[in-house]
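A short write-up of the structure that comes next.
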Amino acid sequence: MTIRLALDAIRKQLLGAKLSNEDCNLLITHFSSALLPGWFINMLSDYPLIGVNLTLSEALDESSFGVDMVWLSPKQMVEEALETYPGIIAIQLGYLPIGSCLFGSGDPYFLKMTVDNDNPPFVRIPHDILDENDKIDDSKIEPVCFSLSSFFELSQVIPNRIGQTTRSDSSSR
C-alpha cells in the first residue's frame with residue numbers, strides 16, 4: 003500500500019494542520035533535499051497531519067512497545083533535529099524527526115530518509131541511545147513499522163485528550 007492510499011483511508015479522522023507555505027520554507031531552509039524529499043512535503047501539504055495523535059498497539063509495533071505519539075510541527079521538527087539529542091546525531095545519519103512520544107518518555111520518532119524509496123521505515127530513537135562518544139548505537143534504534151504506509155494503515159488516530167497539549171501549533175514548545 004502507498005502512503006497516499008493509507009492516508010486517504012483515514013483522511014476524515016485527521017484533524018491536524020496542513021503544511022503552510024511559511025512552514026514549508028522553514029523545512030526547506032533547515033533540511034537537505036535528501037532528508038526532505040518532494041513526496042514528504044506534498045504529504046504534509048495535502049493531509050492535515052501536524053498535531054495529530056496516533057497510537058499503535060504493542061502487538062502491531064515491531065519493537066513491541068506500542069506507540070502513542072503526536073506528529074510534530076515543522077518548528078518542532080527543526081528543534082528536534084538541530085537543538086536536542088538524539089536528533090542532532092540522528093539527522094546526520096539520515097533520520098528525519100516527525101513525532102514525539104506521549105507515553106511520558108518523550109522519545110522522538112523518525113523516518114529513515116536515506117532509504118532510496120518513497121515509503122521509508124518508521125523508527126523510535128530513545129533519548130538514552132547515545133554512547134560515551136555521542137554516537138548512536140544502531141542496535142538500540144527501535145523499528146516500529148517497516149514503512150510509513152504500514153504505520154498509517156495499522157495505527158489509529160486518537161482524538162486530542164482533554165487537558166493534553168498536542169503541540170500542534172508552531173509556538174507551543
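Just so we're on the same page, our numbering is the position in the sequence shown counted from 1, plus 2. Quick reminder that beta carbons are idealized off the backbone N, C-alpha and C, glycines included. Fair warning: this is a prediction, and the values are worked out from it, not measured in the lab.
Test item: CB-CB of residue i and residue j under 8 Å
i: residue 54; j: residue 73; result: yes
i: residue 77; j: residue 50; result: no
i: residue 95; j: residue 150; result: no
i: residue 122; j: residue 64; result: no
i: residue 89; j: residue 99; result: yes
i: residue 129; j: residue 97; result: no
i: residue 83; j: residue 93; result: yes
i: residue 147; j: residue 124; result: yes
Sequence-distant residues of the same chain with beta carbon closer than 6 Å to residue i, five excluded per side
i: residue 105; result: 70
i: residue 164; result: Note that residue 164 scores a pLDDT of 39, beneath 50, so its modelled location is shaky and nothing firm can be said.
i: residue 44; result: none
i: residue 133; result: 139
i: residue 46; result: 21
i: residue 25; result: 76
Inter-residue CB distance, residue i and residue j (contact presumed, cutoff 8 Å)
i: residue 38; j: residue 153; result: Actually they do not touch by this definition, with Cβ atoms about 19 Å apart.
i: residue 159; j: residue 56; result: 6 Å
i: residue 101; j: residue 52; result: Rounded, the Cβ-Cβ distance is 11 Å, inconsistent with contact.
i: residue 79; j: residue 16; result: At roughly 18 Å, the Cβ-Cβ gap does not stay under 8 Å, so residue 79 and residue 16 are not in contact.
Residues near residue i in its chain [Cβ-Cβ closer than 8 Å; skip 5 each side]
i: residue 12; result: 154 and 159
Whole runs of the beta strand (DSSP E) within the segment 110 to 169, excluding any shorter than 3 residues:
The segment 110 to 169 contains these whole beta strand (DSSP E) runs: 110 to 114, 124 to 126, 144 to 147 and 158 to 160.
Would you call the segment 132 to 142 and the segment 28 to 38 touching, i.e. three or more CB-CB distances under 8 Å?
Contact between the segment 132 to 142 and the segment 28 to 38 is absent, because fewer than three Cβ pairs lie under 8 Å.
Completely contained alpha helix (DSSP H) runs for the segment 53 to 96, where each covers 4 or more residues:
Counting only runs of 4 or more, we get 76 to 85 and 89 to 94.
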